[in-house]
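Below is one structure, written out as structure tokens; the observations come after it.
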Amino acid sequence: MKESNNGPLISIKDLKKYYNGDEIKALDDISTDIYPGEVVAIIGPSGSGKSTLLRSLNLLERPTAGTITFEGEDITSPKTDINKLRQKMGMVFQHFNLFPHLTILDNMTLAPRKLLGMSKEDAEAKALELLDKVALKDRANAYPSQLSGGQKQRIAIVRALCMSPDVLLFDEPTSALDPEMVGEVLDVMKDLAKDGMTMAVVTHEMGFAREVASRVIFMESGKIVIEGSPDEIFNDPDNERLKTFLAKVL
Amino acid sequence: MPYLCLAIPAWLQKLRDEFYLNFIDDDRYQYILKGLLVTLEVTFFAVILGILLGIIVAIIRSTHDKLIGDMRPGAGKAVLRILNAIANVYLTIIRGTPVVVQLMIAYFIIFATSNNKVLVAVIAFGFNSGAYVAEIVRSGIMSIDNGQFEAGRSLGFNYVQTMIYIIIPQAFKNILPALANEFIVLIKETSVSGYVGLQDMTKGGDIIRSRTYSAFMPLIAVALIYLVIVMFFSKLVSILERRLRTSERK
Ligand SMILES: Nc1ncnc2c1ncn2[C@@H]1O[C@H](COP(=O)(O)OP(=O)(O)OP(=O)(O)O)[C@@H](O)[C@H]1O
Ligand SMILES: [Mg+2]
Numbered sequence: 123m124k125e126s127n128n129g130p131l132i133s134i135k136d137l138k139k140y141y142n143g144d145e146i147k148a149l150d151d152i153s154t155d156i157y158p159g160e161v162v163a164i165i166g167p168s169g170s171g172k173s174t175l176l177r178s179l180n181l182l183e184r185p186t187a188g189t190i191t192f193e194g195e196d197i198t199s200p201k202t203d204i205n206k207l208r209q210k211m212g213m214v215f216q217h218f219n220l221f222p223h224l225t226i227l228d229n230m231t232l233a234p235r236k237l238l239g240m241s242k243e244d245a246e247a248k249a250l251e252l253l254d255k256v257a258l259k260d261r262a263n264a265y266p267s268q269l270s271g272g273q274k275q276r277i278a279i280v281r282a283l284c285m286s287p288d289v290l291l292f293d294e295p296t297s298a299l300d301p302e303m304v305g306e307v308l309d310v311m312k313d314l315a316k317d318g319m320t321m322a323v324v325t326h327e328m329g330f331a332r333e334v335a336s337r338v339i340f341m342e343s344g345k346i347v348i349e350g351s352p353d354e355i356f357n358d359p360d361n362e363r364l365k366t367f368l369a370k371v372l
Numbered sequence: 048m049p050y051l052c053l054a055i056p057a058w059l060q061k062l063r064d065e066f067y068l069n070f071i072d073d074d075r076y077q078y079i080l081k082g083l084l085v086t087l088e089v090t091f092f093a094v095i096l097g098i099l100l101g102i103i104v105a106i107i108r109s110t111h112d113k114l115i116g117d118m119r120p121g122a123g124k125a126v127l128r129i130l131n132a133i134a135n136v137y138l139t140i141i142r143g144t145p146v147v148v149q150l151m152i153a154y155f156i157i158f159a160t161s162n163n164k165v166l167v168a169v170i171a172f173g174f175n176s177g178a179y180v181a182e183i184v185r186s187g188i189m190s191i192d193n194g195q196f197e198a199g200r201s202l203g204f205n206y207v208q209t210m211i212y213i214i215i216p217q218a219f220k221n222i223l224p225a226l227a228n229e230f231i232v233l234i235k236e237t238s239v240s241g242y243v244g245l246q247d248m249t250k251g252g253d254i255i256r257s258r259t260y261s262a263f264m265p266l267i268a269v270a271l272i273y274l275v276i277v278m279f280f281s282k283l284v285s286i287l288e289r290r291l292r293t294s295e296r297k
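Chains Y and U supply the protein sequences, listed in that same order. In terms of the numbering used here, the first sequence has 357 at position 235, counting the first letter as 1, and numbering is strictly consecutive. In terms of the numbering used here, the second sequence has 164 at position 117, counting the first letter as 1, and numbering is strictly consecutive.
Put into structure tokens, the structure is as follows:
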């Protein structure tokens, strides 16, 4: 991490994302900072703009207005090398998006080899080490279709980690999983948080947000309604809209 | 055994004489044999050229459709627009005119100074096939889940790298039977090569007919050989399809 001098890793200012002209305001003036080592949970009702916010951070969505500063650089500027930027921001999707035509090991080593110029040996050594951490070393030569959902998502996480990113973005990483597999994925994420990984996690798992997040952002209609520590958010909040939301999901 | 010889019915005797006249006499079978080799040669290289062209055109078209909306104005956008326009003109012309006319234009106008008929035929049939392969490849690309694009891009691959390492290999597997089928289509289409004086198998049969003034034997022989080749490759395609389907399930 370049910015060790207590500054934010990601700084979001007046971020807007409109669709159909300005008919749909998916993001309506969002400002917040994400500091190194933070685990930020983003919660809110369906359609509130959580995914759009997360996907704006690595420019999978192009903001309509506003700035995002990452490691001191304004990434919304046309001069930014988007591909270099994305190498430092890992992303984990709801539907895993593993590459079905490649083995687990190749899924993990493709990007480090082609983009970071790592040798096959080095990339595989690193991949195997990470696979060991998520207890899937023995599946290195399997194909994604041979794995369970929970296993796939653990692979998706370590695939992102192979690029040694400075931040990991998760968009509902457990929503597509059978209930009995949610735990194994959340455990991996907890370990990452303990190791000091900076993470932004869109989630419906309030338990995870409460237990692991250092900060919780509650969104509604493209705006941040309220943000604070898990304690402030979950223990007797006085914001009416947050209360209504929590009453529904808890 | 004179008794047995006499027992041969007249029609069989006639058939034998015809066979001798059309194929054995003057080594006339050579017209068909050499023609078959030309047919296979032209088809083989035209298919390869067609697949290469088809992939390029398909990538241009799907890149244009996918990216043009998000692109900032500039040189890249202009180039993509121009490439897409060229691709569209190519597709319109090739699919809007008969292949035999294209072949004659290639031979008598575009490559009027060349007397390498095989090469001109390969180019003409290759360009023709490319227009149809492009649509096959495009549908193959579009059948790949968008999450695969996003996963590739989020790792830091640029658009072309994502195509080459992630999308095309998966699309290719889906369209392999359709591409093999293109070989079957083309082997029949090359039968118009005689229009530019190229001695393919059809022309070979026709030459025999014009020498012997007997049409039945040479033309039926030519038809049978096409039929056997087409049936052979159709069988291969269906085996391929079955193989691919079972490998999906594993
Ligand atoms: N490509 C698009 N075109 C038009 N509208 C869009 C597009 N993508 C998102 N939206 C709209 O933007 C708003 C925010 O969507 P977003 O996907 O960010 O919500 P979300 O909070 O992630 O919801 P969920 O919990 O259902 O995933 C929604 O109203 C959605 O319909
Ligand atoms: Mg979402």
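Think of the CB as a built atom: it goes at the ideal place given N, C-alpha and C, for glycine as much as any other residue. Since the model is a prediction, treat every value here as computed from it, not as a measurement.
Discussion item. Checking the sheet assignment: what are the DSSP bridge partners for Y:S133?
Written reply: Its beta-bridge partners are Y:D155 and Y:T191.
Worksheet item: Leaving out five residues before and five after U:K297 in sequence, what residues of the same chain have Cβ atoms less than 7 Å from its Cβ?
Response: At U:K297 the pLDDT is 44, less than 50, meaning the model places this residue with poor confidence and gives no usable figure here.
Practice prompt. Tell me Y:E349's beta-bridge partners as DSSP assigns them.
Written response: Bridge partners of Y:E349: Y:I339.
Practice prompt. With distances taken Cα to Cα, identify the nearest neighbour of U:I191 among U:E197, U:S176, U:V184 and U:A218.
Written response: U:A218
Worksheet item: Per DSSP, what kind of secondary structure is Y:I164 in: helix, strand or coil?
Response: strand
Discussion item. In whole angstroms, give me the CA-to-CA distance for Y:I164 and U:N175.
Written reply: Cα to Cα, the separation comes out at about 53 Å.
Worksheet item: Quick one: any contact between the region 245-257 of chain U and the region 78-85 of chain U, if contact means 3 or more CB pairs under 8 Å?
Response: yes
Fill in: Beta-carbon proximity of Y:L224 to Y:L232, cut-off 8 Å
yes
Item to complete: Would you mind listing the alpha helix (DSSP H) stretches within the region 238-295 of chain U that are 4+ residues and don't spill past its ends, in chain order?
Response: 248-259
Practice prompt. Determine the closest residue to U:V269 out of U:P56, U:W58 and U:F70, with distance taken between C-alpha atoms.
Written response: In terms of Cα proximity to U:V269, the closest of U:P56, U:W58 and U:F70 is U:F70.
Worksheet item: Considering U:M151, what are the terminal residues of the beta strand (DSSP E) in which it resides?
Response: Looking at the DSSP string, U:M151 is not in any beta strand (DSSP E); the run it does join, the alpha helix (DSSP H), is V146 to I152.
Worksheet item: Looking at Y:A148 and ligand 1, is the gap between the Cβ and the nearest heavy atom below 7 Å?
Response: yes
Worksheet item: Grouping DSSP H, G and I as helix and E and B as strand, with all else coil, what is Y:M321?
Response: strand
Worksheet item: Any Cβ of chain Y within less than 8 Å of the Cβ of U:G116?
Response: no
Practice prompt. Anything in the region 249-275 of chain Y with a Cβ closer than 8 Å to a Cβ of chain U? List those residues in chain order, please.
Written response: Y265, S267 and Q268
Practice prompt. Answer with buried or exposed for U:T314, where buried requires no fewer than 16 other C-beta atoms within 10 angstroms of its C-beta.
Written response: The shown model of chain U, from 48 to 297, leaves out residue 314 of chain U, and the question about it has no answer.
Discussion item. Which same chain residues end up closer than 8 Å to Y:P359 when comparing Cβ atoms and leaving out the 5 residues on each side of it in sequence?
Written reply: Taken in chain order, the residues that qualify are I348, K365 and L368.
Worksheet item: Would you say the region 102-109 of chain U touches the region 172-186 of chain U, given that touching needs at least three Cβ pairs under 8 Å?
Response: yes
Practice prompt. Answer yes or no: the CB of Y:Y140 versus the heavy atoms of ligand 1, is any distance below 7 Å?
Written response: Relative to the non-hydrogen atoms of ligand 1, the Cβ of Y:Y140 never comes closer than 7 Å to any of them.
Fill in: Option in U:Y67, U:L223, U:K164 and U:P56 with minimal Cα separation from U:N261
Correcting the residue type first, residue 261 of chain U is Ser in the shown sequence and not Asn. Of the listed residues, the one whose Cα sits closest to U:S261 is U:Y67.
Discussion item. So, for U:K220: in the same chain, excluding its five sequence neighbours on each side, which residues have a beta-carbon less than 7 Å away from its beta-carbon?
Written reply: L291
Worksheet item: What in chain Y is Cβ-close to U:A198, meaning under 9 Å?
Response: M213, F215, F218, N219, L220, F221, A278 and R281
Item to complete: Say whether chain Y places a C-beta atom closer than 8 Å to the C-beta of U:R292.
Response: no
Worksheet item: So does Y:V214 have its beta carbon nearer than 7 Å to some heavy atom of ligand 2?
Response: no
Practice prompt. With 9 Å as the limit, tell me which residues of the region 350-365 of chain Y have their beta carbon closer than that to any beta carbon of chain U; keep them in chain order.
Written response: none
Worksheet item: Which term fits Y:R261, buried or exposed, when burial requires 16 or more other beta carbons within 10 angstroms of its beta carbon?
Response: buried
Worksheet item: Of the residues that make up the region 203-219 of chain U, which ones have a beta carbon closer than 8 Å to any beta carbon in chain Y?
Response: G203, F204, N205, Q208, Y212, I213, P216 and Q217
Discussion item. Cβ closer than 9 Å: which chain Y residues qualify as neighbours of U:S186?
Written reply: Chain Y residues near U:S186: none, gap ~18 Å exceeds 9 Å.
Item to complete: Just tell me which of U:N135, U:I152 and U:V165 has its CA closest to the CA of U:G101.
Response: U:N135
Fill in: Close Cβ partners of Y:M213 (< 7 Å) along its chain, the five nearest in sequence each way excluded
N180, A282 and L291
Fill in: Amino acids of chain Y, ordered along the chain, whose beta-carbon sits closer than 7 Å to that of U:S201
N180, L182, R208 and M213
Worksheet item: Do you know offhand how far U:L114's Cα is from Y:I134's?
Response: Straight-line Cα distance between these residues: approximately 25 Å.
Fill in: Contacting positions in the region 124-151 of chain Y - beta carbon closer than 8 Å to chain U
Listed in sequence order: no entries.
Fill in: 8 Å Cβ cutoff, U:R289 in contact with chain Y
no
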